[in-house]
Amino acid sequence: MNKKFALAIHGGAGTITRANMSEEKEIAYRAVLELSLKEGHKILNEGGSSLDAVERAVIILEDSDLFNAGKGSVFNSDGNHELEASIMCGETLKAGAVGGAASIKNPIAVSRKIMNSEYVYLTGKGADEYAEEHGFEQVPNSYFYSDFRFEQWKAAQGSEKMKLDHSVDKKFGTVGAVAVDQAGHLAAATSTGGLVNKKYGRLGDSSVIGAGVYANDTTCAISCTGYGEFFLRGVVAHDISCLMEYKGLSLEEAAQIVINEKQIKLGGEGGIIGVDGLGNVSLVFNSEGMYRGSINQEGNAEVAIYS
Ligand code: ASP
Numbered sequence: 064m065n066k067k068f069a070l071a072i073h074g075g076a077g078t079i080t081r082a083n084m085s086e087e088k089e090i091a092y093r094a095v096l097e098l099s100l101k102e103g104h105k106i107l108n109e110g111g112s113s114l115d116a117v118e119r120a121v122i123i124l125e126d127s128d129l130f131n132a133g134k135g136s137v138f139n140s141d142g143n144h145e146l147e148a149s150i151m152c153g154e155t156l157k158a159g160a161v162g163g164a165a166s167i168k169n170p171i172a173v174s175r176k177i178m179n180s181e182y183v184y185l186t187g188k189g190a191d192e193y194a195e196e197h198g199f200e201q202v203p204n205s206y207f208y209s210d211f212r213f214e215q216w217k218a219a220q221g222s223e224k225m226k227l228d229h230s231v232d233k234k235f236g237t238v239g240a241v242a243v244d245q246a247g248h249l250a251a252a253t254s255t256g257g258l259v260n261k262k263y264g265r266l267g268d269s270s271v272i273g274a275g276v277y278a279n280d281t282t283c284a285i286s287c288t289g290y291g292e293f294f295l296r297g298v299v300a301h302d303i304s305c306l307m308e309y310k311g312l313s314l315e316e317a318a319q320i321v322i323n324e325k326q327i328k329l330g331g332e333g334g335i336i337g338v339d340g341l342g343n344v345s346l347v348f349n350s351e352g353m354y355r356g357s358i359n360q361e362g363n364a365e366v367a368i369y370s
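By my numbering, the letter at position 76 of the sequence shown is numbered 139, and the numbering carries on one by one without gaps.
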């Protein structure tokens, strides 16, 4: 016990510039990010597990309609919301995930439950059914509605293409958290509504273990945000861990290579948050901005939006 603990979070990456952000909106974003950090920090400070901390931090972000996860998730091509989430434990390498869920209020909490079951990944009706059977809060699909996402969907309609979240100015609003606790155990969690106007049951990287999330006590914990198809193909979260494990790179070196070299070559846009077993935090992105924050042992929270 009593190792250096740390927590980092993100609320999505993309073309986030000062020019297209009102002061009021920025204050609102910062307030939710800070709350998420503080709640996660409280758990770690009291000796709680990194899994508890990342779950709590993500629930705060899922419950805010500012982010594309839980409440405030984007619309798919049918005008509905399909949610994805994933969580991984660095100590045991256990993982849990849901995809295409329609009635789970907090997909990250259900992912955690699945992690401790015989399954890893449940999708669609089955995921909703599992959540209901295990007593998780169910909500009508309209619970996820927000005016902003509705307008965004309207603008995307008619085009055959699925669009990136906040497609007008290209932002990804997925949320995530990574932490190392006092026992030195790592955990990572990611939650999203996916891409605007998605169809055919499209799933991105966010709920795929190794792509949008990964945790391993011997290397790092990673949560991603970005254009899912590219992050899937790059197996981004696991690739960062592999560079640390097989090449002996630091977290920052590995993340820089994967995001600023390999993803760029592939055409992928987005970023990651990561933490290693020593409490080093990396917040790396190749887009113009990323809603992000970290908090250290002393409780000093740092929140940033632009590059
Ligand atoms: N990675 C997510 C997806 O492609 C989008 C995001 O990060 O906001 O579904």
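Glycine included, each C-beta is placed from N, C-alpha and C at the ideal position.
None of these values were measured; they are calculated from a predicted model.
{"Item": "Using only the heavy atoms of the ligand ASP, determine whether one of them is closer than 8 Å to the beta carbon of F207.", "Value": "no"}
{"Item": "Look at the Cβ atom of G330, then the Cβ atom of F294, and state whether they are nearer than 9 Å.", "Value": "no"}
{"Item": "Is the distance from the Cβ of E147 to the Cβ of G159 below 9 Å?", "Value": "no"}
{"Item": "At what residues does the beta strand (DSSP E) containing M389 begin and finish?", "Value": "An answer regarding residue 389 cannot be provided, because it is not within the stretch 64 to 370 covered by the chain."}
{"Item": "Assuming contact is defined by CB atoms lying nearer than 9 Å, are G257 and N139 in contact in what I supplied?", "Value": "yes"}
{"Item": "What does a CB cutoff of less than 6 Å around E125 pick up in its chain, not counting 5 residues either side in sequence?", "Value": "A132, G133, N169 and S254"}
{"Item": "On a Cα-Cα basis, can you pick out the residue from C283, G297 and G111 that is closest to E308?", "Value": "C283"}
{"Item": "Would a C-beta distance cut-off of 9 Å place G74 and G236 closer than the cut-off?", "Value": "yes"}
{"Item": "To the nearest angstrom, how far is it from the Cα of I167 to the Cα of A194?", "Value": "7 Å"}
{"Item": "Is any non-hydrogen atom of the ligand ASP found closer than 8 Å to the C-beta of F138, if you look at the structure I gave you?", "Value": "no"}
{"Item": "Take the Cβ of G362 as the centre, count every other Cβ of all protein chains shown within 10 Å, and call the residue buried at 16 or more, exposed below.", "Value": "exposed"}
{"Item": "Leaving aside the five residues before and after L291 along the sequence, list all residues of the same chain whose C-beta is less than 6 Å from its C-beta, in chain order.", "Value": "The sequence shown places Gly at residue 291, rather than the Leu named in the question. So the qualifying residues of the chain are G267 and D268."}
{"Item": "By the DSSP assignment, the beta strand (DSSP E) with F348 in it spans what residues?", "Value": "V344 to F348"}
{"Item": "Three-state secondary structure (DSSP) at G129?", "Value": "The sequence as given places Leu at residue 129; Gly does not occur at that position. If DSSP states are grouped into helix, strand and coil, L129 belongs with coil."}
{"Item": "Please work out which residues of its chain come closer than 8 Å, Cβ to Cβ, to E351, disregarding the five sequence neighbours upstream and downstream, and give them in chain order.", "Value": "G77, T78, I79, T80, Y369 and S370"}
{"Item": "Compute the Euclidean distance between the alpha carbons of V202 and H144, then round it to the nearest angstrom.", "Value": "12 Å"}
{"Item": "Measuring only from the beta carbon, is E89 closer than 8 Å to any heavy atom that is part of the ligand ASP?", "Value": "no"}
{"Item": "For E332, name the three-state secondary structure that DSSP assigns.", "Value": "coil"}
{"Item": "Under three-state DSSP, which class holds A120?", "Value": "helix"}
{"Item": "Report the rounded CA-to-CA distance for K67 versus L312, giving the unit in angstroms.", "Value": "20 Å"}
{"Item": "Report yes if the C-beta of E147 is less than 8 Å from at least one heavy atom of the ligand ASP; otherwise report no.", "Value": "yes"}
{"Item": "Can you tell me where the beta strand (DSSP E) holding I285 begins and where it ends?", "Value": "C283 to G289"}
{"Item": "According to the neighbour-count rule (16 or more other Cβ atoms, all chains shown, within 10 Å of its Cβ), is D339 buried or exposed?", "Value": "buried"}
{"Item": "Distance, Cα to Cα, Y277 vs L314?", "Value": "13 Å"}
{"Item": "Give me, in chain order, the residues of the same chain whose beta-carbon lies closer than 6 Å to that of A240; leave out the 5 immediate sequence neighbours on both sides.", "Value": "I72, V117, A120, V121 and A252"}
{"Item": "Is F213 near the ligand ASP - that is, is its Cβ less than 8 Å away from at least one heavy atom of it?", "Value": "no"}
{"Item": "Tell me, please, which residues DSSP counts as bridged to I72.", "Value": "A240 and G356"}
{"Item": "Quick check: the Cα distance between A274 and E86, rounded to an integer number of angstroms?", "Value": "34 Å"}
{"Item": "In terms of alpha-carbon separation, which member of I303, E365, A91 and L114 lies closest to D128?", "Value": "A91"}
{"Item": "Between F199, Y208, Y182 and N83, which has its C-alpha nearest I171's C-alpha?", "Value": "F199"}
{"Item": "Would you check if the distance between the CB atom of E97 and the CB atom of V366 is smaller than 9 Å?", "Value": "yes"}
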